[in-house]
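A.B. asks: One structure, pasted below without further comment.
There are 2 protein chains.
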Amino acid sequence: MRHLSLMAPEIKELLKTTNNKEELQEILREMHPADIADILFSLETKEQVILISRIDKKQMLKVFNQLDEYEQFELLDKLEKDLSAYLLNEMSSDERADLLSSLPDDVEKKFLNLMSEAERKDVEKLLKYPANSAGSIMSTEYVSLIPELTVAQATELLRQAAPKKETIYYSYVTDQDNKLIGFVSLKDIFLSSPEVPIKKIMNRKVIKALAKQDQEEVAKLVRKYNLLALPVVDKDKTLVGIITVDDIMDVVKEETTEDFYKMAAMLAPTDAYFETGFFTLVRRRIVWLLILLAAVQFSGQILKRYSFVLESVVALSFFIPMLLNTAGNAGTQSSTTIIRGLATGEIGISQIFKVVRREIMLGVVLGTLLGVLGVGRALLLQRNPIVSLAVGFALAATIVMATLSGAFLPMLLKKLKIDPAVAAGPFISTVVDITALIIYFEIAKSLLGL
Amino acid sequence: MRHLSLMAPEIKELLKTTNNKEELQEILREMHPADIADILFSLETKEQVILISRIDKKQMLKVFNQLDEYEQFELLDKLEKDLSAYLLNEMSSDERADLLSSLPDDVEKKFLNLMSEAERKDVEKLLKYPANSAGSIMSTEYVSLIPELTVAQATELLRQAAPKKETIYYSYVTDQDNKLIGFVSLKDIFLSSPEVPIKKIMNRKVIKALAKQDQEEVAKLVRKYNLLALPVVDKDKTLVGIITVDDIMDVVKEETTEDFYKMAAMLAPTDAYFETGFFTLVRRRIVWLLILLAAVQFSGQILKRYSFVLESVVALSFFIPMLLNTAGNAGTQSSTTIIRGLATGEIGISQIFKVVRREIMLGVVLGTLLGVLGVGRALLLQRNPIVSLAVGFALAATIVMATLSGAFLPMLLKKLKIDPAVAAGPFISTVVDITALIIYFEIAKSLLGL
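Respectively, the protein sequence lines represent chains A and B. Be aware that the first sequence starts at 573, since it is given in my numbering, and climbs by one per residue. Be aware that the second sequence starts at 573, since it is given in my numbering, and climbs by one per residue.
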């Protein structure tokens, strides 16, 4: 296979005239839909339309399923009604629900009108599930079997169903009320004799998700049990859909990005960087900057309150950045460790005391080492031993406190069912700044006898 | 299925006497190996040994494959030689290579001596691949077929091979020199007539990884092409292994944690939080704290150089935390956006100018808004209009600069093939602190006419 970056210019060249339609189609047939999707969105609008007219319908559908919601919408906007209707009706059900839920109401209605009755009902059912729930990411294109079928009958059924289903590697077994009672893998079917009934080979211990369960928890199940897909049931155990591992990879990516953004004090993104409008980016960032700007005013007030100390020894101000930075860094280290541990499941909320004890000990060791160093550094920059001692003590005390709050706050938030990731930047830096300054000036004040 | 947290005490109870051996075995047979693994490591050493003696060998192997390297080592240390040898010989090849590569040399040798000739050769081959390469995470338990086989013959071969292979959902087709020429999915085989030769149904466009390729790139391939497994070839296209999607989920988790740690200025972890020794945690955190402590000394020097300005107007010091914090926050927002975008592939290195231009514009908008607010805030805290103006200008200028360096530095590092995640905390905060202080005091100096 040639490298993708070499294909794009070649395809652009072929799009210029209509003479080489055949040659282009030949190339496209050889390409993976994901690669065509990549190239499609590096083209100008006019070129996009020509390229699409050269791809056959079935391959177009595969390309379409590879796009994200934003790109799908952009494309549907440019296509003829017939092709739009075809893509909307035939695309995978989970992707379709994602697409429609991201659209403004009027566009959603327009698209719903292009769809067949059955597909419309399907998507309306999926849209009822809350955002980020298992129901909101599941597909309704699964294989279900009844336990009385023989392996031979199931094989025949799978053969017919295969092209329309998300996966045939797992089939789910349901009773007459459509309640989930077991599953069989294609491997089980493949390895069994044709006359054996499904109920003899099915596995009754099914790892399943509830439709309302949070997608992050579902991702943990898939990772823990190494699943390729898992069934979704509603509260009375009726099978309502499946989630495949590729959907889970997307969930993990999305949730991780959300954590990164929260920890950097930003509102979580909904689209990729270049697909996000400029003022959405501004809004996403300014909200937290304003909150933090308001919070940091406390530091100003504290400094004002202690300005008589500062006036008597200006050298005290030299060490304010060092103090706040180092404490902030220690707090971030601690909170990041705990937040990430909670996200991966390596740290459980029940271990709160064990974690806090460990982090306090860490804080004491780190604080002592850096405090001693801080005294030395302060002496090098100015000769006042009292200022230097105040720097050392404050540094040590602040690091202990930063480490402690970095560990405790995320666990507290988790306990309160608030996402611990928001604790990292904002809360901790404010708490740390304020206490660091008070400790620093109180120590200096008493050492200086003010 | 009962909830796991209810099972653990029940099992603990059953371990107390030997009378209910049968009952315990019955419960264990019904449990998923991953759940047994969870419970196993919540037990005391003595209880662990009893539990293991109750599990049959085959299930024990499944439990063992679920453990991480640290737990596997702990367990092997406690088991009898026979059982250890069985587990080491039968465990999956990729897990085994992971385990052995994490051990001290003498333990590695001891374990190698317990293994059969064939398994020893297998693991020695795998250990030659560099850490974090495709070769280092691949399994050698794959199905390979020759193109001349019929579907019926391949079916027979798959039936026999299934129990020993990592997956039978994809089979890889090789020529007489073991060079990879195509693949067939179990679905393809399942849907084809028995007399058709494999070469007619195989797909020649194989997405593959090179053995030396970085695991993060391999993860991107798996996600982009929605693969359940992908083959690994060496430089002359010989098939050497496969990587399955569950391995990729582990890679993604590991690489993400690494990014979080780097961005919080910590050395990346190798084990889970509670499995890491206390002094390893200290070391992992202190290295960067020391570097940052050294870097922040520049701020002290700058403050000392401008102490005549501070002495003349002490109120200037009230706004130093606000200035440094807000600029730092803006820089972190920008760098986190870019670093995450680079990690997910949403932002490419070729888009450097587009990104930098966009971030500068963002910086200008955010800087102007916050600068104006900063003037107002400064006036509220103290009445000096000159100080307030200096605060506003410095805030605006520093935010622009922070946003710019937050965008530019990660892209520069990526270009230099250094992990951009290290740019987030350390570099940027130092650069931002220094320039923020210089801008602030220079503006104040000239406005105050000093």
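For each residue, glycine too, the CB sits at the ideal point set by N, CA and C. Just so you know, these numbers come straight off a predicted model, no measurement behind them.
Can you list the residues of chain A that residue 929/B reaches, using a CB-CB cut of under 7 Å?
C.D. replies: Against the second sequence, residue 929/B aligns to sequence position 357. Within 7 Å Cβ-Cβ: nothing; residue 929/B doesn't reach chain A, min ~11 Å.
A.B. asks: What residues in the region 793-824 of chain A bring their beta carbon closer than 7 Å to a beta carbon of chain B?
C.D. replies: If the cut-off is 7 Å between Cβ atoms, the region 793-824 of chain A has 795, 796, 797, 798, 800, 817, 818, 821 and 824 near chain B.
A.B. asks: Among residues of its own chain, excluding the 5 on either side of residue 573/A, which ones have a beta-carbon nearer than 7 Å to its beta-carbon?
C.D. replies: Here residue 573/A refers to the residue found at position 1 when the first sequence is read from its first residue. Note that residue 573/A scores 46 on pLDDT, short of 50, meaning its location in the model is unreliable and no value can be drawn from it.
A.B. asks: Does DSSP classify residue 723/A as helix, strand or coil?
C.D. replies: Taking the first sequence and counting its residues from 1, the one referred to as residue 723/A is at position 151. Helix.
A.B. asks: Verify the CB distance criterion: does residue 573/A have a CB-CB separation below 8 Å to chain B?
C.D. replies: On the first sequence, residue 573/A is found 1 positions in, with the first residue counted as 1. Per-residue confidence for residue 573/A stands at a pLDDT of 46, beneath the threshold of 50, marking its modelled position as unreliable; no derived number is given.
A.B. asks: Does the beta-carbon of residue 732/B have 16 or more other beta-carbons within 10 angstroms, so that it is buried, or is it exposed?
C.D. replies: Working through the second sequence from its first residue, we reach residue 732/B at position 160. Its Cβ having fewer than 16 others within 10 Å, residue 732/B is exposed.
A.B. asks: Relative to the C-alpha of residue 905/B, which candidate in 756/B, 987/B and 975/B has its C-alpha closest?
C.D. replies: In the second sequence, the residue the question calls residue 905/B occupies position 333. Checked all of 756/B, 987/B and 975/B; the closest Cα to residue 905/B is 975/B.
A.B. asks: Pull up the distance between the alpha-carbon of residue 981/B and that of residue 949/A, whole angstroms please.
C.D. replies: Within the second sequence, residue 981/B is the residue found at index 409, counting from 1. Within the first sequence, residue 949/A is the residue found at index 377, counting from 1. Roughly 29 Å separates the two Cα atoms.
A.B. asks: Looking at residue 964/B and residue 944/B, is the spacing between their C-beta atoms short of 8 Å?
C.D. replies: In the second sequence, the residue the question calls residue 944/B occupies position 372. In the second sequence, the residue the question calls residue 964/B occupies position 392. Yes, they are a contact pair.
A.B. asks: Relative to the alpha-carbon of residue 835/B, which residue among 903/A, 947/A and 806/A has its alpha-carbon at the smallest distance?
C.D. replies: As a first step, residue 835/B must be located in the second sequence, where it is residue number 263. It is 903/A whose Cα lies nearest to the Cα of residue 835/B.
A.B. asks: Check residue 782/B in the structure and name its three-state DSSP category.
C.D. replies: Here residue 782/B is taken as the residue at index 210 of the second sequence, counted from 1. Of the three classes helix, strand and coil, the one that applies to residue 782/B here is strand, per DSSP.
A.B. asks: What is the DSSP secondary structure of residue 957/B, counted as helix, strand or coil?
C.D. replies: Here the question's residue 957/B lines up with position 385 in the second sequence. Here residue 957/B sits in helix by DSSP.
A.B. asks: Would the beta-carbon of residue 798/A fall within 8 Å of that of residue 649/B?
C.D. replies: Here the question's residue 798/A lines up with position 226 in the first sequence. Here the question's residue 649/B lines up with position 77 in the second sequence. No, the Cβ-Cβ distance between residue 798/A and residue 649/B is not below 8 Å.
A.B. asks: Pull up the DSSP beta-bridge partners for residue 815/B, would you.
C.D. replies: As a working note, residue 815/B is residue 243 in the second sequence. According to DSSP, which records beta bridges pairwise, residue 815/B is partnered with 802/B.
A.B. asks: Residues of chain B with CB closer than 9 Å to the CB of residue 916/A, please, in chain order.
C.D. replies: In the first sequence, counting from the first residue as 1, residue 916/A sits at position 344. Within chain B, the residues near residue 916/A are 825, 828, 829 and 844.
A.B. asks: Can you check which of these residues, 979/B, 912/B, 898/B and 921/B, is closest to residue 939/B by C-alpha distance?
C.D. replies: Taking the second sequence and counting its residues from 1, the one referred to as residue 939/B is at position 367. Checking every option, the nearest Cα to that of residue 939/B belongs to 898/B.
A.B. asks: State the start and end residues of the unbroken beta strand (DSSP E) segment that holds residue 752/A.
C.D. replies: As a working note, residue 752/A is residue 180 in the first sequence. Its beta strand (DSSP E) spans residues 752-757.
A.B. asks: Look at the Cβ atom of residue 593/B, then the Cβ atom of residue 619/B, and state whether they are nearer than 8 Å.
C.D. replies: Translated into the one-based positions of the second sequence, residue 593/B becomes position 21. Translated into the one-based positions of the second sequence, residue 619/B becomes position 47. No.
A.B. asks: Do the region 837-852 of chain A and the region 917-933 of chain B make contact, defined as three or more Cβ pairs closer than 8 Å?
C.D. replies: As far as the Cβ criterion goes, the region 837-852 of chain A touches the region 917-933 of chain B, which means the pair count is three or higher.
A.B. asks: Who pairs with residue 775/A in a beta bridge, going by DSSP?
C.D. replies: Numbered from its first residue, the first sequence carries residue 775/A at position 203. Paired residue(s): 755/A.
A.B. asks: Would you kindly report the start and end of the unbroken beta strand (DSSP E) that includes residue 745/A?
C.D. replies: As a working mapping, residue 745/A is identified with position 173 in the first sequence. Element bounds for residue 745/A: 742-746.
A.B. asks: Leaving out five residues before and five after residue 936/B in sequence, what residues of the same chain have Cβ atoms less than 8 Å from its Cβ?
C.D. replies: Numbered from 1 along the second sequence, position 364 holds the residue referred to as residue 936/B. So the qualifying residues of the chain are 972.
A.B. asks: Against chain A, which members of the region 626-638 of chain B pass a CB distance test of less than 7 Å?
C.D. replies: Per Cβ criterion, the list is empty.
A.B. asks: Can you give the Cα-Cα distance for residue 722/B and residue 676/B, rounded to whole angstroms?
C.D. replies: In the second sequence, counting from the first residue as 1, residue 722/B sits at position 150. In the second sequence, counting from the first residue as 1, residue 676/B sits at position 104. Looking at the two C-alpha atoms, the distance is approximately 48 Å.
A.B. asks: Indicate whether the contact test is met: 3 or more Cβ pairs, each with one atom in the region 732-744 of chain A and one in the region 756-770 of chain A, closer than 8 Å.
C.D. replies: With the cut-off at 8 Å, the region 732-744 of chain A and the region 756-770 of chain A touch.
A.B. asks: Is residue 854/B close to chain A, meaning its C-beta is less than 8 Å from at least one C-beta of that chain?
C.D. replies: One-based indexing of the second sequence puts residue 854/B at position 282. Closer than 8 Å to some Cβ of chain A, the Cβ of residue 854/B qualifies, so yes.
A.B. asks: Counting only beta-carbon separations shorter than 8 Å, does residue 964/A have a partner in chain B?
C.D. replies: Counting from one through the first sequence, the residue named residue 964/A turns up at place 392. With 8 Å as the cut-off, residue 964/A does not count as an interface residue toward chain B.
A.B. asks: Would you say residue 908/A faces chain B, with C-beta separation under 8 Å as the test?
C.D. replies: Locating residue 908/A in the first sequence gives position 336, where the first residue counts as 1. So yes, residue 908/A belongs to the interface.
A.B. asks: Are the CB atoms of residue 716/A and residue 669/A within a distance shorter than 8 Å?
C.D. replies: Here the question's residue 669/A lines up with position 97 in the first sequence. Here the question's residue 716/A lines up with position 144 in the first sequence. It is not a contact, given that the beta carbons lie outside the stated cut-off.
A.B. asks: In the DSSP assignment, what residue or residues form a beta bridge with residue 810/B?
C.D. replies: The residue you call residue 810/B lines up with position 238 of the second sequence. DSSP, once it has assigned bridges, lists 751/B as partnering residue 810/B.
A.B. asks: Could you compute how far the alpha carbon of residue 605/A sits from the alpha carbon of residue 989/B?
C.D. replies: To locate residue 605/A, count along the first sequence from 1; it is residue 33. To locate residue 989/B, count along the second sequence from 1; it is residue 417. Between residue 605/A and residue 989/B, the C-alpha separation is close to 30 Å.
A.B. asks: Going along chain A, which residues have a C-beta under 8 Å from residue 837/B?
C.D. replies: Position 265 of the second sequence, counting from 1, holds the residue named residue 837/B. Within chain A, the residues near residue 837/B are 901, 904 and 905.
A.B. asks: What are the residues that DSSP puts in a beta bridge with residue 769/A?
C.D. replies: By 1-based counting over the first sequence, the position of residue 769/A is 197. The partner list for residue 769/A (beta bridge, DSSP) reads 722/A.
A.B. asks: Counting only beta-carbon atoms, is residue 933/A nearer than 8 Å to chain B?
C.D. replies: What you label residue 933/A is simply residue 361 of the first sequence in a count that begins at 1. Closer than 8 Å: yes.
A.B. asks: My guess is that residue 921/A and residue 986/A are in contact by the Cβ rule of under 8 Å, so how many angstroms apart are they, rounded?
C.D. replies: Numbered from its first residue, the first sequence carries residue 921/A at position 349. Numbered from its first residue, the first sequence carries residue 986/A at position 414. With a Cβ gap of about 5 Å, residue 921/A and residue 986/A count as contacting.
A.B. asks: Using a Cβ-Cβ cutoff of 8 Å, what residues of the region 885-897 of chain A are near chain B? List them in chain order.
C.D. replies: Per Cβ criterion, the list reads 886, 887, 889, 890, 891, 892, 893, 894, 896 and 897.
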